[in-house]
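With my numbering, you'll find the sequence shown wraps up at 255, consecutive numbering, no jumps.
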Amino acid sequence: MGINQIMQVFTTITEFRAWRKSISQKTTLGFVPTMGALHEGHISLVQKSKSQAQVTVASIFVNPLQFGPKEDLTKYPKAYEKDRALLEGANTDILFFPDVSEMYKNSSSTYVTEDKLSLPLCGSFRPGHFRGVTTVVLKLLNIIQPDFLYLGKKDFQQVLILDKMLHDLNIPSQVIRCETIREKDGLAMSSRNQYLSPNERAKASLVYQSLISVKKAFINGETDTQKLIQLGRLVLEKHREFKIQYYEIRHTQTL
Numbered sequence: 001m002g003i004n005q006i007m008q009v010f011t012t013i014t015e016f017r018a019w020r021k022s023i024s025q026k027t028t029l030g031f032v033p034t035m036g037a038l039h040e041g042h043i044s045l046v047q048k049s050k051s052q053a054q055v056t057v058a059s060i061f062v063n064p065l066q067f068g069p070k071e072d073l074t075k076y077p078k079a080y081e082k083d084r085a086l087l088e089g090a091n092t093d094i095l096f097f098p099d100v101s102e103m104y105k106n107s108s109s110t111y112v113t114e115d116k117l118s119l120p121l122c123g124s125f126r127p128g129h130f131r132g133v134t135t136v137v138l139k140l141l142n143i144i145q146p147d148f149l150y151l152g153k154k155d156f157q158q159v160l161i162l163d164k165m166l167h168d169l170n171i172p173s174q175v176i177r178c179e180t181i182r183e184k185d186g187l188a189m190s191s192r193n194q195y196l197s198p199n200e201r202a203k204a205s206l207v208y209q210s211l212i213s214v215k216k217a218f219i220n221g222e223t224d225t226q227k228l229i230q231l232g233r234l235v236l237e238k239h240r241e242f243k244i245q246y247y248e249i250r251h252t253q254t255l
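Here it is in structure tokens:
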């Protein structure tokens, strides 16, 4: 549905805001935030936006705030030209591609924290991670002012946290939850999958098999959550390569 034949790229907030003011307030805008290293999962979000919004904006920004001191910020894959080609191929209208100095001034000292949904699961293993996510997404929403925000269910805890943030802070964008896109063997597509060795990649599909085993047991009548968790863990614990941080069954709204 876009307004441009060729994707426009903006690298500064000032440039983007000038463009944003130039379009009609009645124009619906969909937003797909990414950290680059794009794959079919990201493109599916763009396609969903294209089907609902008149203009689709994607961003590429590797956000340093959501990486811990021992995490992979310096190693995180970067492939701008490939990413740009993928977005153009999907008929993305606008790419917002700021650098760190554009998004965070040296004097920045304001952060956004969600104090309930961000604490368990990934939050207990990655302190500060979700604070980085909520801060950068709020900044991006303030800049882009979309009608729709497209997020993949793969990062389910993150989706809940961001949805809660929008609700709590009265942000008028609507979160659109999009299905997880998987490889042929069931592994969820992820930019970090390329870190895996060939042997690790082959074994990684067991995560999906584990989830399917739990799903089948539930469908067949097993409702004891601890038994279901034990069943799922057993599929993985047979293989030394797996070191499970957590394997949980949680409420889809409250965790």
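For glycine and all other residues, C-beta sits at the position ideal for the given N, C-alpha and C. All of these numbers come straight from a predicted model, not from anything done at the bench.
Annotation: S59 is outside any alpha helix (DSSP H); the continuous beta strand (DSSP E) that includes it extends over 55 to 60.
Taking every protein chain shown into account, the CB of Y195 has fewer than 16 other CB atoms within 10 angstroms, so this residue is exposed. Within the DSSP secondary-structure output, I94 pairs in a beta bridge with Q8, V57. The C-alpha of I171 is placed about 20 Å away from the C-alpha of Q54. In this structure, the alpha-carbon of Y247 lies about 36 Å from that of Q145. The beta carbon of E179 sits closer than 7 Å to those of K153, all from its chain and outside the five residues before and after it, given in chain order. DSSP places Y111 outside both helix and strand once states are collapsed to three, so it counts as coil. Annotated as distal: R84 and L73, with beta-carbon spacing of 8 Å or more. The beta-carbon separation of L206 and V235, rounded to 6 Å, stays under the 8 Å limit for a contact.
Around the C-beta of D93, 16 or more other C-beta atoms lie within 10 Å, and the residue is accordingly described as buried. When secondary structure is reduced to three states using DSSP, L187 falls in the coil class, being assigned neither helix nor strand. For Q174, the enclosing beta strand (DSSP E) covers residues 174 to 178. With at least 16 other beta carbons inside 10 angstroms of its own, L151 counts as buried.
Here the region 17 to 35 makes no contact with the region 101 to 108; the two share fewer than three CB pairs at distances below 8 Å.
Residues V32, T34, V46, L87, T92, L95 of the same chain have their beta carbon placed closer than 7 Å to that of A58, with the five preceding and five following residues left out of the count. Within the same chain, no residue comes within 8 Å of S101 by CB-CB distance, once the 5 residues on both sides are set aside. When the five nearest sequence neighbours on each side are left out, the beta carbons in the same chain lying within less than 6 Å of the beta carbon of S210 are those of G232, V235, L236, in order along the chain. When C-beta atoms of the region 61 to 75 are compared with those of the region 123 to 131, three or more pairs fall below 8 Å, so the two segments count as touching. In this structure, L255 sits near Q157, with a CB-CB distance shorter than 8 Å. Burial check for K75: the Cβ neighbour count within 10 Å stays below 16, so the residue is exposed.
In the displayed model, T34 falls within a strand according to three-state DSSP. When the beta-carbon positions are compared, S191 and P77 come within less than 8 Å of each other. Per the C-alpha coordinates, the member of P69, T113, F125, T27 positioned closest to L138 is T113. Secondary structure at Y195: helix, using DSSP grouped into helix, strand and coil.
Scanning its chain for C-beta atoms nearer than 7 Å, with the 5 sequence neighbours on each side dropped, one finds around K164 the residues E114, L117, in chain order. In chain order, F16, F96 place their CB closer than 6 Å to the CB of F10, counting only its own chain and leaving out the 5 sequence neighbours on each side. Residue burial is scored here from C-beta neighbours: G89 has fewer than 16 other C-beta atoms within 10 angstroms and is therefore classed as exposed.
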